[in-house]
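Chains as they are written, first to last, in this note's numbering: chain A, 38 to 529; chain B, -3 to 222; chain C, 374 to 1054; chain D, 41 to 357.
Backbone N, C-alpha and C fix where the C-beta goes; we use that ideal spot for every residue, glycine too.
None of the values given here were measured: they were computed from a predicted structure.
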Amino acid sequence: MIALGWTLLFPLLGALILGWLAKPNAASLLNIATSAVGVMASFVLALQVLASGPIGGGLFYIDAFNVYLIALTALVGFTTAIFSRPYMTHELEQGRIGTGRLRLYHASFQGFLFTMQLALSTNNLGIMWVALEGATLATVLLVSLYRTPESVEAAWKYFILCGVGIAQALFGTVLLYLAASQAIPDADDALLWTELYRHAAELEPSVMGIAFVFLMVGYGTKVGLVPLHNWLPDAHSEGPTPMSAVLSGLLLNVALYALVRVKMLVDGSLAGETVHNPNLAGYLMMGFGMLSFIVAGLFLHRQRDIKRLFSYSSIEHMGLMTFAFGLGGPLATFGALLHMTVHSLTKSAIFVTVGHASQIAGTQSMERIRGLISTQPSVGWGLLIGTVAIAGFPPFGVFTSEFLLLSATMEAWPWLTIPLLVGIAVAFSGLFRHLQPMVFGAKPPSQDALKVNMLPVYIHLFLVLWLGLAIPGFIAGWFDQVTQLITGRGLL
Amino acid sequence: MTRYLELQLVEQAIITLAAMILVTSFALLGQSRVVATIRTFAWQGWLLALTTALVAWDIGHPHLYVSALLTAILKGALIPWLLTRQARQLGILRDVDSIVRPGITLLIASALVVFCYSVALPIGQLVEGVTRDVVAISLANVMLGMFMLVIRRKAVTQVVGFMALENGIFFAAVAATQGMPMVVELGVAFDVLVAVVLFGVIFFHIRESIESLDVDALNRLSEGEK
Amino acid sequence: MRDSLVLYLTAATLSSAIGSSVSALLADRYPWILRLAAFPLLGLSGLLSLAIAALVLLEGVSLAIELPVGLPWLYWHLRLDALAGFFLGIIGIITAIVSIYGPSYTRKYQQSPYSLSALGFFTGLFVAGMQLVVLADDAFAFMMAWEVMSVASYFLVAYEHHQAANRRAAFLYLLMAQIGAVLILLCFGIFGSFSTDFTFDAFRVAQLDPLWASLAFALALAGFGMKAGLVPLHVWLPEAHPVAPSHISALMSGVMLKVAVYGFIRLLFDFLGPLRWEWGLVLLAVGSLTAIYGVLYALVETDLKRVLAYSSVENIGIIFICLGFSVTYLANGAPILGVLGLIAALYHVLNHALFKSLLFLNAGAVIERSHEHDLEAMGGLLRRMPWTGLFFLLGCLSISALPPFNGFVSEWLTFQTALQATALESGVLRAVIPIVAAILALTGALAAACFVRVYGTSFLGQPRSRHVRRAREVRTGMLVAQACLAGLCVLTGLLPTMVVALIGTVTESLLHQPIAAATRHGWLWLTPIGPETASYSAPLIMLGVLMALVAWFCVWVWLRKSRKSNPITRRDPWDCGFGGLTPRMQYTATAFAMPFEQVFRHTWRLKTQVTREMDADLPTKPKDLEYQLEVEDRVWLWFYAPVGKWVLNASRHVARIQTGHLRHYLAYSFLTLIVLLWLIS
Amino acid sequence: MKVVEWLFALLQMAVFVAAAPLFSAWIKRVKCWLQNRRSPPLNQPYKDLRRLFSKQVLLAHTASALFRTAPYLVFGATVIAAAVVPLIALELPTARIADAIVLVGLFGLGRFFLALAGLDVGTSFGGMGASREMTVGALAEPAMLMVIFALAMVAGSTNLSTVIQSMLAQGLALRPSLLFALLALLLVGIAETGRVPVDNPATHLELTMIHEAMILEYTGRQLALMEWAAQLKLMIYGVLVCNLFFPWGIAQTLDVASLLIAGVLLCIKLIILGAVLAVAESLIAKMRFFKAPVFLAVAFTLALVGMLSFVMLESAS
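Next comes the structure, spelled out in structure tokens:
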């Protein structure tokens, strides 16, 4: 419990302090330090949970599922903090932002981390909603940090779309509460996930159906499912790159996490149901997932802005995960969990390199980024290897998860492998046709090497490589616990 | 009809209020001037507070009084005041955000209400009559709020639509489920408050970047042919 | 004891391949590392795999281990049987020889802007990947190794990345590799859904029902065919091979394509239960198409390495024809003939690995010295690079299927297999197989013409450009490598009986059907079915050829004295009395292929462009005449271009939904909500 | 016994090689009769060869080593081909060295070096000749193989002497497959040995020649070897036609009587065949080069039809 307290408390304190701390250098260091403490605490917490089962049960509840996301969140937050130090310093030197905005940036960064951890660790679906709304509020000013017309527009769209979406999720939660209040005597416990899960079978199916639709649309907006995705590329491309990294790496995951939690309830309630299809939730998720996967892949071909490119690739991968969770079954679920991990690691690493690359070239438009390998090998190779990894090539973990997903699909829905195959091919070509000219080729005169910090990239890619070559025993057991949690059946 | 008459007076009052709230939603759709929209929204807030108080009195949940108070202060007074103030500062208080085809809009809106009712019907097996109708109405409120968001062009009126949508949700929470747990209520209220503040901030940003608050002018970021 | 030895050898060969790639990482700082560490380690790895192959094929050793990596419930299974051993041997030979060639070849990159580290690193990774592919014994390890092989070779194709053309080629290559890999994965997925887990042992016992079996066959054909270069999936080959460094092209064309063939053989003969004769027909059709298509394009291309790439397509076609024969016979209960077909296929795999690598190494030498890719600019290289010329000639003889060289043996075996069609019941098959044989015959003859053209225009005649006139012989390392390969070509052609006996162990372990007849009559006589049916004695024919050379030598020695008194007089060649023969008057490669263009004119899509400028005072006499010929791959125009266009259109249409208007987005979410509510109510 | 067989095989090969110029001389003579010209004596080719062998060699400046070795290789390949073809006796050890497919391969080998030699000097004639030769060869070779396939399927073997034996064994039988195969073989032979209507050995008219264009630069003994190889090739085709389709009288055992009969009979067959060829050549005019593919396509189709007719009509069990 103490560890949990630290995990939650430190980001909050950090946010408050950094809101006042004016010195850029100290602030960025403090930012790193706070996140580091968060990582420690979350790892301790993870070890506790793995050793002695779920803890909490009242307002907070930590089981294998969310503790691994908590650890992941803390880790990515930490590495991104490391990256944001040189990045933001360079922005400051370039005069794109002032110290005031830098304060805002650091405060929002930690605030965002806090909301993420809160959303993950809470047991109360209402609080979870509050936290996710809070995540939007914390990041909306980051999107418009540069105050360019585009960034303001992006912020507005982000705000309204996510706000509306999350409001729908709130309505869904209310309906959930309505259904629960019939089954659970004590009204105050009626939103606790543990309670709901225990009484899942008694929840009124018709209400749960409607509730899930609202929650699907609501949290789906945050996951970035087509056609609710429109805020995502704008927000990613206009904000500062570290924020894009955490948005892609964390926010989407957490939203998906919420969706999966709800799906578990709905499945429980609809099981053995005649009015609705008992697998309603799964089918909805599969549909949305497949749609997002294909459409995002097609979008990749038309991109001009490097950050938009990779945000669409995020949509594509979230679609794949949603599809996999909807597919259900141990193999698919295990694959989806693995994919969640490796995707957020790889994608945040990519955004780190993308940030450096766009600073080297002084622009985000891909026509003007050329010959990175010749200009600054570390960045060029980082971007190239990262993209190879995200495109699903071994020996990186994304390949492993896609291997699992494809074989699971082959077993359950053989003919669905055809659109998957097409989607993979389209997405791959969309990525590489833009990537190759950027990394390869001779060094253009306008570009010069910068002082960069590639440590996050190395850490992330190393982890992804490790997961691809050999999934360590304890992580495998961990994922297997989660798979048992979600599907009721283990894999090992 | 007889079933309705069997209800207690309080419940009848609640349903009447629900109907009035629905009317205000329609009114919000219909209003064309910013200031009037905000005012109507304030009315909706008061009605919502009143409903909450009635429910509290009906089932005697003390914490519902608190949330009634919260609603009255936030939705009834604070938010409308903030919006008005910002609108005045931005000098758009008297602007007109007229609807293109009022007739069709009204038609669609009423169709939506019917649709929501049909969606909410199956809930009937679950609980006694009042809740079912209340759910239907709040669903209608939510939908109308979204519809308003879709058809309105001004940033301010969009915010009002957003708030109206939230009102619908609140109404459901209060009238159908006798209020959410306190902690959730507080959290939601806090979020709403922050949201309004941020909205205000972003109004000014928009105003700086494009010379109006017309959201249709915000179309730089698109994937279409350039 | 020997098993543990094999285990150690396997570990050693893999680790030295990896070691070579890791050590190469320093090559940018210390270039000598590439010469003194990376390539020697690579060669060591090659020799070790060769040793393993020898142990497996001669001693019948086998190996099956699990590495504690991969998925927690599915560790990497590695297994070494005769088939794997055979292909490991091929990988070993070529790798070893390439690592002799490499050090002196890669010198030219030391001044270039390209990173030596990348070259060495990915070369080692590439080789390790290929070795792992043939060793892998479960689907996951196989896919992992397969993709590592693809990615590493992608980086090698993109190595000289400053030219946009190379980047395009690499992109196309990786894209098709990706699609092919997913197809293979799906094929394994079918097996997986019919068996307990994803190990190949489970696949072997899996009972697929006919429909799924045929589906798996189709997926495998497409997936492995995409890597092997079956028409119409071959388009990456002629793009990727020319742009890669030549020793890499040798590895890719000589070895990687064979690894794809290995995968297909493994899946077809080892996993897929009872074979069906329809599959045989499919293989025959695809193989014939590929063979004839490849050779016809090789005949009109003028870029040296493109010609070689298309000829690889042709040879892959021949291999698949042999496999088709084998499947057809096996499915019709003629096991001996089926084995014979498989032997022919494996023999041709070996041959093609040898002579195609040789030719690519030659091409590398030629291009390095003459700085020309285009046949039209070469000529007269034989007198400037005599040794390279000799080895290239041997390569051409082998690939043109001329006795007594190795290419002929496999073609002869294929014909012998085809001629036993009378053993089949089905009249259709009896009629089809001879026709395929006819196509094969045509292919062989065209290949001979193609390589006469290549050799004649590049090494004979007079130089057509300044660089070529200045060309000199290459360094010793490169020559030694070429010499080894040329020697192996001659050897495998000279002793077919022994090679067949060697391959016999592979087919026996795979199909449990010995072939005693072929080698019964000693090393001198190859008698596939029986001496009365057909017999071939390569050594004696070689003897005859040698005697001809000896005769020439004797004449030369005998005339030495008289030559002293009156030396051989050299004159200008016959010029019709106009005088002044210039190199531009020679027959060009395009001109050489002209009759074929006339005959098979409907095969290609040729863009001929003639610009002639008439003489002012004599309007009938052209003063300046220019003839340009462009060849476009029809498959590209018919299949790939439309698909590409379709994707772009689709993406354009889809992009319309991102209008940029917030209210539209809200409307999407609104409508989604309504639709979903309507769906569930 | 083995040794004797080997010796006799070598002797037969020597006879074969020696008799080749005579056969072409005979054809020339018949042609002269038909065109009522005075014909050269039958030993004229031998005189030419002797003259050429005694002449000194002239080389072009641009000629490489390959140019000088090519004649020996071409001649050698043709001689090996001659060695494996049964002339008057069957069951000889040399016949087992190579079967019919290898025979085609050997012709291919010779053609390969011939064409390279043509390209070596770097004149436009050489190139033109080589290109045309390879075209003709590339189309003739499959046709030839088809003929062999047809025969091989009939006889169940590609071994020439086995094939001939089975022909003898079946006696006089009219098989469509063999008929078509014979016609195809005649056409292929004409094309391969550069006779009218595909090529004209008599002319040096620059634009029509194929074979002559390739050896244009050769002089002295090298030219002699090339010429001789060409004559030998013609002879081989003649013997193939005679012995494969009209094998009666060929010696199955190595005793003097049967060998004599076989020799005499073969001479008669060749004389008739030569006469037929001569008649055909003087009746037909040389065709345009680009008609040659059609000519060979006909041969190919005939052979294919022959084989298919065997597969469908004759082998049905």
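Given 8 Å as the limit, is there contact between the region 172 to 186 of chain D and the region 965 to 974 of chain C, that is, 3 or more CB pairs closer than that? They touch, by the three-pair rule.
Sort C/Pro583, C/Pro476 and C/Pro441 by Cα distance to C/Leu409 and report the nearest one. Sequence index remark: in the third sequence, residue 409 of chain C carries index 36 (1-based). Ranked by how close their Cα comes to the Cα of C/Leu409, the residues C/Pro583, C/Pro476 and C/Pro441 have C/Pro476 in first place.
For my contact list, A/Gly202 and A/Gly255 are in at a C-beta cut-off of 8 Å; report their separation, rounded to the angstrom. Start at 1 with the first residue of the first sequence, and residue 202 of chain A comes out as number 165. Start at 1 with the first residue of the first sequence, and residue 255 of chain A comes out as number 218. So it is a contact: roughly 5 Å between Cβ atoms.
Does the distance from the C-beta atom of C/Pro647 to that of C/Gln886 stay below 8 Å? In the third sequence, the residue the question calls residue 647 of chain C occupies position 274. In the third sequence, the residue the question calls residue 886 of chain C occupies position 513. Not a contact, by the Cβ cut-off of 8 Å.
Tell me, please, whether the region 923 to 939 of chain C touches the region 712 to 722 of chain C by the rule of three or more beta-carbon pairs shorter than 8 Å. Touching, no, given that fewer than three Cβ pairs across the two stretches are closer than 8 Å.
Find the residues of chain C that neighbour B/Arg216, judging by a C-beta separation of less than 8 Å, and give them in chain order. The sequence position of residue 216 of chain B within the second sequence is 220, counting from 1. The contact set of B/Arg216 on chain C, defined by CB atoms closer than 8 Å, consists of Gly1033 in chain order.
What is the DSSP secondary structure of C/Thr361, reduced to helix, strand or coil? Examination of residue 361 of chain C is not possible in this model, given that chain C is present from 374 through 1054 alone.
From the DSSP output, in three-state form, read off C/Val1004 for me. Numbered from 1 along the third sequence, position 631 holds the residue referred to as residue 1004 of chain C. Secondary structure of C/Val1004 (DSSP, three-state): strand.
Can you tell me whether C/Trp446 is helix, strand or coil according to DSSP? Locating residue 446 of chain C in the third sequence gives position 73, where the first residue counts as 1. C/Trp446 carries a coil assignment under DSSP once its states are collapsed to helix, strand and coil.
Rank C/His535, C/Asp570, C/Ile425 and C/Ala962 by C-alpha distance to the C-alpha of A/Ser411 and give the top, closest one. The residue given as residue 411 of chain A occupies position 374 in the first sequence. Checking every option, the nearest Cα to that of A/Ser411 belongs to C/His535.
With a Cβ-Cβ cutoff of 8 Å, do D/Ser104 and C/Leu913 count as a contact? In the fourth sequence, residue 104 of chain D corresponds to position 64, counting from 1. In the third sequence, residue 913 of chain C corresponds to position 540, counting from 1. The answer is no: Cβ separation not under 8 Å.
Can you name the residues of chain B whose CB is closer than 9 Å to the CB of C/Phe1043? The residue you call residue 1043 of chain C lines up with position 670 of the third sequence. Those within 9 Å of C/Phe1043 in chain B are Met139, Met142, Phe143, Leu145 and Val146.
Per DSSP, cross-strand counterpart(s) of A/Gly93: Stepping through the first sequence from its first residue, residue 93 of chain A is reached at position 56. Looking at the DSSP output, A/Gly93 bridges to A/Tyr98.
For C/Arg893, does the count of other Cβ atoms within 10 angstroms reach 16, so buried, or fall short, so exposed? Numbered from its first residue, the third sequence carries residue 893 of chain C at position 520. Residue environment for C/Arg893: exposed (fewer than 16 other C-beta atoms within 10 angstroms of its C-beta).
Which partner residues does C/Thr942 have in the DSSP bridge list? Here residue 942 of chain C refers to the residue found at position 569 of the third sequence. C/Thr942 has D/Leu98 as its beta-bridge partners, per DSSP.
So for D/Pro80, helix, strand or coil by DSSP? The count along the fourth sequence starts at 1 and reaches residue 80 of chain D at position 40. Judged by DSSP in its simplified three-state form, D/Pro80 adopts coil rather than helix or strand.
From D/Leu300, D/Ala140 and D/Ala155, pick the residue whose C-alpha is nearest to that of D/Gln52; which is it? Your numbering for residue 52 of chain D matches position 12 in the fourth sequence. Checked all of D/Leu300, D/Ala140 and D/Ala155; the closest Cα to D/Gln52 is D/Leu300.
Cutoff 8 Å: C/Gln551 Cβ touching any chain A Cβ: Sequence index remark: in the third sequence, residue 551 of chain C carries index 178 (1-based). Yes, contact with chain A.
Same chain, Cβ closer than 6 Å to C/Trp449, five either side skipped, listed in chain order: Working through the third sequence from its first residue, we reach residue 449 of chain C at position 76. Leu440, Val442, Gly443 and Ala514.
Look up A/Thr159 in the DSSP assignment and say whether it is helix, strand or coil. Numbered from 1 along the first sequence, position 122 holds the residue referred to as residue 159 of chain A. DSSP places A/Thr159 in strand when its eight states are reduced to three.
Any contact between the region 341 to 352 of chain A and the region 388 to 395 of chain A? By contact I mean 3 or more CB pairs, one from each, below 8 Å. A contact exists between the region 341 to 352 of chain A and the region 388 to 395 of chain A.
Can you find at least 3 beta carbon pairs, one from the region 186 to 203 of chain D and one from the region 898 to 906 of chain C, that sit closer than 8 Å? As far as the Cβ criterion goes, the region 186 to 203 of chain D touches the region 898 to 906 of chain C, which means the pair count is three or higher.
According to the Cβ coordinates, are C/Ala854 and C/Leu734 closer than 8 Å? Stepping through the third sequence from its first residue, residue 854 of chain C is reached at position 481. Stepping through the third sequence from its first residue, residue 734 of chain C is reached at position 361. In this structure, C/Ala854 places its C-beta atom within 8 Å of the C-beta atom of C/Leu734.
Residues in the region 569 to 599 of chain C with C-beta within 8 Å of chain F's C-beta atoms, listed in sequence order? Any reference to chain F falls outside this structure, whose protein chains are A, B, C and D.
Quick one: what does DSSP say B/Asp210 is sitting in, helix, strand or coil? Sequence index remark: in the second sequence, residue 210 of chain B carries index 214 (1-based). Strand, per DSSP.
Nearest-angstrom Cβ-Cβ length linking C/Val1004 and C/Glu674, presumed shorter than 8 Å: Within the third sequence, numbered from 1, the residue matching residue 1004 of chain C stands at position 631. Within the third sequence, numbered from 1, the residue matching residue 674 of chain C stands at position 301. By a beta-carbon distance limit of 8 Å, C/Val1004 contacts C/Glu674. Their separation comes to about 6 Å.
Local conformation of C/Pro869 per DSSP, three classes: The sequence position of residue 869 of chain C within the third sequence is 496, counting from 1. For C/Pro869, the secondary structure class from DSSP, reduced to helix, strand or coil, is helix.
Please confirm if C/Ser1054 has its CB atom under 8 Å from at least one CB of chain B. Residue numbering aside, residue 1054 of chain C sits at position 681 when the third sequence is read from its first letter. True, the Cβ-Cβ gap to chain B drops below 8 Å.
On the three-pair Cβ rule with 8 Å, is the region 220 to 228 of chain D touching the region 138 to 147 of chain D? No: fewer than three Cβ pairs fall under 8 Å.
At least three beta-carbon pairs within less than 8 Å, the region 362 to 372 of chain A to the region 440 to 455 of chain A: Yes: the two stretches touch, three or more of their Cβ pairs being nearer than 8 Å.
Within 10 angstroms of the Cβ of A/Gln484, are there 16 or more other Cβ atoms? Answer buried if so, exposed if not. Reading the first sequence from its first residue, position 447 is the one you call residue 484 of chain A. A/Gln484 comes out buried.
According to a CB-to-CB cut-off of less than 9 Å, which residues of the region 162 to 178 of chain A neighbour chain C? Of all residues in the region 162 to 178 of chain A, none has a Cβ within less than 9 Å of some Cβ in chain C.
Taking Cβ to Cβ, would you say C/Ile772 is nearer than 8 Å to C/Phe832? The sequence position of residue 772 of chain C within the third sequence is 399, counting from 1. The sequence position of residue 832 of chain C within the third sequence is 459, counting from 1. No, the Cβ-Cβ distance between C/Ile772 and C/Phe832 is not below 8 Å.
Tell me which same chain residues have a C-beta within less than 7 Å of the C-beta of B/Ala64, skipping the five on either side of it? The residue given as residue 64 of chain B occupies position 68 in the second sequence. Same-chain partners within the cutoff: Ala45, Thr48, Ala49 and Ala52.
Among residues of its own chain, excluding the 5 on either side of A/Val519, which ones have a beta-carbon nearer than 6 Å to its beta-carbon? Taking the first sequence and counting its residues from 1, the one referred to as residue 519 of chain A is at position 482. Closer than 6 Å at Cβ, skipping near neighbours: Ala101, Phe102 and Leu374.
Any beta-carbon of chain B closer than 8 Å to the one on A/Val291? Within the first sequence, the letter at position 254 stands for residue 291 of chain A. Cβ-Cβ to chain B under 8 Å: no for A/Val291.
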